[in-house]
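Residue numbers (my numbering), protein chains in the order written: chain A, 1 to 415; chain B, 1001 to 1632.
Cβ atoms here follow ideal geometry from the backbone N, Cα and C, with glycine treated the same way.
Only a predicted model underlies this, so the values are computations on that prediction, with no experimental measurement involved.
Working notes, structure below.
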C-alpha cells in the first residue's frame, strides 16, 4: 500500500513541522488517516482483528512520536484500537451465540496459540467477558428512552446485537472491516459535531444576566457562548487576553460580532475581576485520566482565583480531548516551549544576548510555555459532548472509550 | 499551504503572469571563504552539524516552509559529499512540491562565479530566493515576496530585496553579536530603498563619507548601524545577467551590492525588508556558530529546535528544565551534572563527577570522569578521557582526548585529531590532521580561497616553516612528547599557525567570548579616543553626559560635539581677553557673534561663559578681584 504509506508520511511530516496544530484538526486528520489505513489493510484469513490492531499501532506510534504534545492524536489512535477490539468482540460473541463452539469460529480468534482447546477456551472467556462485563453507566443512561440529546454510543456493541446471528464466516471476515470503518466514520462525525453537541447544553449552564470569564480563545468556548446568546440569554463576558499570543482579542471580536457584551481585561487583572464573575468557562488542550486539565498558559491562575472566590470553574472540551494517560506518565509531554519572540523583540534585546562579551554564557533566558496543568480539584465541571461530568468521573468515561491494553501504544508495537 | 494559495491568487489576478512560475531558490552550498578552516578542508561547511543537525538541513527546511518549490543547491568544494548527503537525505525523496536539485561546478571560486554558472544553465525563470547553505531562519517570506513583486510591477529596475533585522552591535568592539563588523546602511525610510552599504567601516576613524548626490536626491534618509544583514535576498532574474555582464563581480555584498549602488547609469535599485518577530542569521565564522547555536537552544528559531523533529532524521530529544535537551539514550552517571542550556546527543555516555554547561554534545560520545566541559561544541563519536578540561572549544568528529588534556578557549580540533596525556592546547589554536596548505597546494585550496580577501590567503612557505610545531608522527599515545617549543602534542595532528594578518582577528571570530582584558582595552581606548579630541571639556560633568550620547548614536553627533568643544574654547579665549583689558562691550559683541556662528543657544553660551569665569577664578590669584568687578 504505497499510497497509504505516502499519506502517513505526509501527515507525520505535517505534525512534525507543526503545520497541523490544535486538538480538533489533528484529531480529525488522525481519524481520517486511520480510516484509510484500515480500508487499505489486506485482511488475512485468520486473526483479522490482530492484523488491524497491528497496522493501526504501527501507524499510531509514528503519529504520536511526530508531535507528542498533540495528545489528541494519541487519543484517536487509542479510540480506533478500542473500536477494533469492540467490533471483534461483538462479532465473536454473535458467532458463539449462533454457531456454538464450532471449529470455524476458532480461526477468527487470536491465532497465536496452537492448541485448539485452549484457544476455544480463550474465545469463551472473551465472550464471557464481553457479556459479563458490567454495562457502562453511559449505556445504562442511553437505555432511558427520552434522552433526546444523547449521542451515539461510542462502542457499537449494542449495534451488532441485532445483526443476523447466522452470519457466515466469509461474510464476517468482510464485515469486521466494514464495521470498524463504520464506527470510525461515526467517530469522525462525533469529532465534527462535538462543538454543536457541547453548545446544545449551553442554556442549562448560562443563566440570565450572568457574568462569565474566559481566557484566551477556544473555539468550543466561543460556540458555547454563542449558542447561549442564540437562545436569547443575555449575559456579559470578560475575556482575559491570553498573553503572549493574545488570542483573547480574536475571541472578543467574534463575540462582539454575535452581539455579546464583552469586556477585555489583561491576564493580570483576572484576580481583581473574579469577584464579579458568576462562572469561569475555558477550553482545554487535553483532559487527563485523573481529571486534570492541560490548558493554554494562564488558566491555572484563573482556576486558583476562581477557587479562592468560590466561582464555578467549567471546562468545555470535546471527547477527543479525553486522554487515558495520567499527567505523571512518562509518555506524556505536558508542555511545549514556544519561540521567545512572542514575548520580546529580538532586536531590542540583542545586546543582552551578545555572547561575545558576557563570558559566553547567556544571561537572558525567555521561557514561553504553551500550556498549564490545572489539577482536578480546581475544576468544578467538565462539559463534553456527552454531557456534564465531575472530574472524578473521568476515569469512567475513559473506561468507556479506551481499552486498557492500548494505553501505551508505543511499547506494544515495538516489542 | 496558505502560502501557496496566496501565490496562486496573486498571480491569477495579475494578467502579465498568467503562466505561474514556481518559486525558485538558489542555495550556495559553499561559503567561498576560509573562515571555517581547518574543518572545511575535510568536510564542506554546509554539512557541519549545528546543534546536531547539518546546517544545510536548516536552510532547506526553511526554504521548504516558505513555499519554495524548486531549490538549486550549488555545490563547489566537496561537491560529492554534498551530493551524497542530499541523495541520502529526505529532501530528495520527499513527495510533494519541494524539489532539490544539485548543481555541480569545480572551477567557481566565488559567489559571483556560482551565479554566472547558474545563469548559463538557464534554469531560473522568475524571481528567486538567494541564500547560502548556512542560513538559519524561521521567517515567512510571504510579505517580502509580495512587496518585491509589487515593486517590480511599478519599477522594473528594483532587482533585489535584502532581508535585514534589527540587532545592536556591541558599542565597544563595533562588531555584531554574530562576529561580523558592524554594517552601515543608508535606507530611504519611505520606500525602503537601500542607498548605501558599507560593511567594513573604518574602525580607527569613526566617520563615513556619503556621496553628496545621495543627500541631494533623497529628501530623507536613515543611517543605520544597528541592522544585521541576514543574507537572504529575493532577486529578479536580472541579477544573474548582471553578474554575467560584470564578470569581475565576485562577492555578493562587497562587489554586487556596492556596485549597483554606485552605478547610476543603469539605475538598478536594491530594497530592504526588515523582519521583526522572526529569526534569520547566517553562520559566517566561529563566533556566529556559537551565537546561533545558543539562539537555537534558546528557541529563537522555533520550530527549528532540537525537540521538534523538524528534519525528521534526528532522534527524539526531550527538553528538561533550564534548557537542557537530552536524547532518550544518554548514559549519564548519577554524579555527573548537566547544567543549563546544554544538549546531549543519543548514545553518549558521561562519567562520574563530570560537569557540562552551555555545551552541545553529539551522538555516541564517551566522556570520562571529572571532565569539565564549558561552552563547547563536541560533535559525534568523540572520546574524552578522565580529567579533561574544555572551555569554549570546538571538537569535531572522532577526536580522541587522552586523560588530563586542557583545551583553552577558542581551540578548534578538526576531525580525528588525537591529543596525548596532560597536554595543554593554547587558546585559539587550530589543530588538524592535514598540514596547513601552502600556496601551491591542491586545487581544493583554489576552491576555498576567497579571491579578494588577500589577508586570509593561505600562508606562504615561510610561514609553514614558522609553524610552531609540526608533528605529523602518530606517536604512541603514552609517549610523552617533549618538544622544545611550548606546544607539544603526542598524538596525531598539526597545529596550524595563525596567519599574520589573521592573528588580530582571532579573538573576534572565535567561539570563545572576548577575553576580559580585550574588553578592558576597548574600554580604555574608547575613553582616550574621546579624551584626545576634547581634552579641555573632559572635566565638565555636563559634557561627560554628552560624550556618552555621541558614543551610542554614532557619527553625526560626534561632529556636533566637536563644535561645542570648539565653541567653549573660543568663548574662553575671548573671555581671557576681558581679563587682559579689552573693553567688555566688545567682548560681549564678540561672544554673541561666536554664538551665532556656532549656532549655539543662549544657555550654551551662558554655560561656557560661566565655565570660563570659574576656570579663571581658579587659576587667578585673589588679587584680580577688581577686574571681575569691572565685568559685573
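Check the Cβ of residue i against every Cβ in chain B and list those closer than 8 Å, keeping chain order.
{"i": "residue 16/A", "result": "1308, 1309, 1310 and 1312"}
Which residues in chain A sit within 7 Å of residue i, going by Cβ to Cβ distance?
{"i": "residue 1287/B", "result": "356"}
{"i": "residue 1299/B", "result": "337, 339 and 340"}
{"i": "residue 1341/B", "result": "362"}
{"i": "residue 1303/B", "result": "17 and 18"}
Compute the Euclidean distance between the alpha carbons of residue i and residue j, then round it to the nearest angstrom.
{"i": "residue 1553/B", "j": "residue 326/A", "result": "Confidence at residue 1553/B is low in this model, with a pLDDT of 39, below 50, so the placement of that residue should be treated as unreliable; the coordinate-derived value is given next. The straight-line gap from Cα to Cα measures roughly 56 Å."}
{"i": "residue 212/A", "j": "residue 307/A", "result": "15 Å"}
{"i": "residue 407/A", "j": "residue 1099/B", "result": "39 Å"}
{"i": "residue 54/A", "j": "residue 336/A", "result": "30 Å"}
{"i": "residue 361/A", "j": "residue 321/A", "result": "40 Å"}
{"i": "residue 299/A", "j": "residue 372/A", "result": "6 Å"}
{"i": "residue 304/A", "j": "residue 378/A", "result": "7 Å"}
{"i": "residue 1136/B", "j": "residue 366/A", "result": "20 Å"}
{"i": "residue 247/A", "j": "residue 284/A", "result": "14 Å"}
{"i": "residue 1415/B", "j": "residue 1039/B", "result": "7 Å"}
{"i": "residue 1173/B", "j": "residue 1164/B", "result": "21 Å"}
{"i": "residue 319/A", "j": "residue 1223/B", "result": "57 Å"}
{"i": "residue 226/A", "j": "residue 198/A", "result": "12 Å"}
{"i": "residue 338/A", "j": "residue 1397/B", "result": "31 Å"}
{"i": "residue 255/A", "j": "residue 402/A", "result": "36 Å"}
{"i": "residue 1436/B", "j": "residue 1035/B", "result": "14 Å"}
{"i": "residue 1274/B", "j": "residue 1510/B", "result": "28 Å"}
{"i": "residue 409/A", "j": "residue 1050/B", "result": "33 Å"}
{"i": "residue 1341/B", "j": "residue 1323/B", "result": "5 Å"}
{"i": "residue 271/A", "j": "residue 216/A", "result": "16 Å"}
{"i": "residue 1388/B", "j": "residue 1375/B", "result": "14 Å"}
Taking the alpha-carbon of residue i as reference, which of the options has the nearest alpha-carbon?
{"i": "residue 1058/B", "options": "1583/B, 1492/B, 1296/B and 1146/B", "result": "1296/B"}
{"i": "residue 1339/B", "options": "1209/B, 1515/B, 1354/B and 1045/B", "result": "1354/B"}
{"i": "residue 32/A", "options": "225/A, 188/A and 287/A", "result": "188/A"}
{"i": "residue 1576/B", "options": "1600/B, 1603/B and 1617/B", "result": "1617/B"}
{"i": "residue 988/B", "options": "1123/B, 1584/B, 1572/B and 1518/B", "result": "Lying outside 1001 to 1632, the shown extent of chain B, residue 988/B is not represented and no answer is given."}
{"i": "residue 209/A", "options": "278/A, 403/A and 409/A", "result": "278/A"}
{"i": "residue 1072/B", "options": "1496/B, 1104/B and 1078/B", "result": "1104/B"}
{"i": "residue 370/A", "options": "70/A, 46/A, 6/A and 58/A", "result": "70/A"}
{"i": "residue 291/A", "options": "36/A, 314/A and 232/A", "result": "314/A"}
{"i": "residue 1067/B", "options": "1022/B, 1213/B and 1037/B", "result": "1022/B"}
{"i": "residue 1074/B", "options": "1619/B, 1061/B, 1112/B and 1053/B", "result": "1112/B"}
{"i": "residue 193/A", "options": "267/A, 363/A, 41/A and 24/A", "result": "24/A"}
{"i": "residue 395/A", "options": "265/A, 253/A, 341/A and 323/A", "result": "323/A"}
{"i": "residue 1157/B", "options": "1138/B, 1093/B, 1235/B and 1107/B", "result": "1235/B"}
{"i": "residue 1185/B", "options": "1588/B, 1257/B, 1119/B and 1171/B", "result": "1257/B"}
Within the present structure, is the beta-carbon of residue i separated from the nearest heavy atom of the ligand NAD by less than 6 Å?
{"i": "residue 323/A", "result": "As for the ligand NAD, it is missing from this structure, which has no ligand bound."}
Please list the partners that residue i has in chain A, where partner means a Cβ-to-Cβ separation under 9 Å.
{"i": "residue 1279/B", "result": "339, 341 and 346"}
{"i": "residue 1282/B", "result": "Within chain A, no residue comes near residue 1282/B; the closest Cβ sits about 15 Å away, beyond 9 Å."}
{"i": "residue 1407/B", "result": "Ordered by position in chain A, no residue passes the 9 Å Cβ test against residue 1407/B, which lies about 14 Å from the chain."}
{"i": "residue 1078/B", "result": "Here the premise fails: no neighbours, minimum Cβ distance about 28 Å."}
{"i": "residue 1635/B", "result": "There is no way to answer for residue 1635/B, as the model of chain B reaches only from 1001 to 1632."}
{"i": "residue 1065/B", "result": "17 and 19"}
Using the DSSP secondary-structure output, state which residues sit across from residue i in a beta bridge.
{"i": "residue 1235/B", "result": "1128/B and 1160/B"}
{"i": "residue 1054/B", "result": "1049/B"}
{"i": "residue 1104/B", "result": "1075/B"}
{"i": "residue 1372/B", "result": "1355/B and 1389/B"}
{"i": "residue 959/B", "result": "Only positions 1001 to 1632 of chain B appear in the structure, and residue 959/B is not among them; the question remains open."}
{"i": "residue 1289/B", "result": "Residue 1289/B pairs with nothing; no bridge assigned."}
{"i": "residue 1256/B", "result": "For residue 1256/B, which the question treats as bridged, DSSP gives no partner whatsoever."}
{"i": "residue 1296/B", "result": "Residue 1296/B pairs with nothing; no bridge assigned."}
{"i": "residue 1325/B", "result": "1319/B and 1343/B"}
Using a Cβ cut-off of 9 Å, pull out every chain B residue sitting near residue i, in sequence order please.
{"i": "residue 444/A", "result": "The question about residue 444/A has no answer here: the residues shown for chain A are numbered 1 through 415."}
At 7 Å on the CB atoms, spell out the chain D contacts of residue i, in chain order.
{"i": "residue 65/A", "result": "No chain D appears in the structure shown, which is made up of the protein chains A and B."}
Taking C-beta pairs closer than 7 Å, name the residues in chain B that residue i reaches, listed in chain order.
{"i": "residue 389/A", "result": "By Cβ distance, chain B contributes nothing, its closest Cβ being about 32 Å from residue 389/A, past 7 Å."}
Exercise for review: List in chain order: all unbroken beta strand (DSSP E) runs of 3+ residues lying wholly within the stretch 1155-1181 of chain B.
Suggested key: 1158-1166
Point to revise | Entirely enclosed beta strand (DSSP E) segments - the stretch 339-395 of chain A, minimum 3 residues | key: 371-374, 381-384 and 387-389
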